[in-house]
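Participant: Provided herewith is a single structure, encoded as structure tokens, for subsequent inquiry.
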Ligand SMILES: [Zn+2]
């Protein structure tokens with residue numbers, strides 16, 4: 055069961071910072087990337103949710119995000135910029151704690167740059183739910199969970 059690869063809330067690895075991917079090691083990460091894309095589909099089949107996952111969530115401490123909204127996209131060494139001053143309040147969830155919702159503030163829009171699997175630099179401008187999604191996944195690469203961004207101590211809800 056591929057979902058068993060996801061580390062649960064409380065695992066120390068989830069609080070570690072992940073390392074940049076070197077171009078020459080990309081081939082050795084192919085299986086990890088396939089697993090991450092399979093996890094999105096498996097998670098969706100089980101929970102009817104799940105649009106993206108970050109590599110450290112399965113204990114591979116590399117700066118990779120796999121994303122699947124219209125199609126599977128692999129984001130290598132992503133960087134966020136142009137974070138809007140305007141914020142949005144959202145109830146966030148996470149594959150590491152599928153039944154817990156956490157109320158957080160996210161930037162309403164941002165710019166994302168990443169290398170794709172062909173190592174071409176991509177630039178995306180994201181707003182709304184895609185902006186909050188990428189901020190959640192990007193946090194994973196820096197060892198930050200939504201629980202650490204809770205607005206206050208009542209910002210938790212069991213689903
Ligand atoms: Zn998450």
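Numbering (the working numbering), first residue to last: 55 to 213.
All C-beta atoms, glycine included, are put in the ideal place defined by N, C-alpha and C.
1. In three-state terms, what does DSSP make of residue 103?
2. Between the C-alpha atoms of residue 211 and residue 155, what's the straight-line distance to the nearest angstrom?
3. What do you reckon, are the CB atoms on residue 110 and residue 67 nearer than 8 angstroms?
4. So is residue 222 buried or exposed if we call it buried at 16+ other beta carbons inside 10 Å?
5. Which word fits residue 141, buried or exposed, when buried means at least 16 other C-beta atoms lie within 10 angstroms of its C-beta?
6. Decide if residue 81 is buried, meaning its Cβ has at least 16 other Cβ atoms within 10 Å, or exposed.
7. Just verifying my parser: in three-state terms, what is the DSSP assignment at residue 71?
8. Would you identify the three-state DSSP class for residue 61, choosing helix, strand or coil?
9. Residue 195 and residue 106 look like a contact to me (Cβ under 8 angstroms); what is the Cβ gap, rounded to whole Å?
10. Which one or two residues does DSSP pair with residue 212 in a beta bridge?
11. Taking 7 angstroms as the cut-off, does the CB of residue 194 come closer than this to any heavy atom belonging to ligand 1?
12. Mind pulling the beta strand (DSSP E) runs of 3 or more residues that sit fully within the stretch 111-165?
13. Let me know the secondary structure DSSP gives residue 80 once reduced to three states.
14. Following a CB-centred definition, is residue 129 positioned closer than 7 angstroms to any heavy atom of ligand 1?
15. Out of curiosity, what's the CA-to-CA distance linking residue 177 and residue 135?
16. DSSP has residue 108 in a bridge; who is on the other side?
Facilitator: Checking against the coordinates, here is how it stands:
1. In the structure shown, residue 103 adopts coil according to DSSP, grouped into three states.
2. 5 angstroms
3. yes
4. Here the chain covers residues 55 to 213 and nothing more, so residue 222 does not appear.
5. With fewer than 16 other beta carbons inside 10 angstroms of its own, residue 141 counts as exposed.
6. exposed
7. coil
8. coil
9. With 8 angstroms as the limit, residue 195 and residue 106 do not qualify as a contact, their Cβ atoms being about 12 angstroms apart.
10. 154
11. yes
12. Within the stretch 111-165, the complete beta strand (DSSP E) runs of at least 3 residues are 118-122, 126-135, 141-148, 151-161.
13. coil
14. no
15. 10 angstroms
16. Residue pairing for residue 108: DSSP places it in a beta bridge opposite 119.
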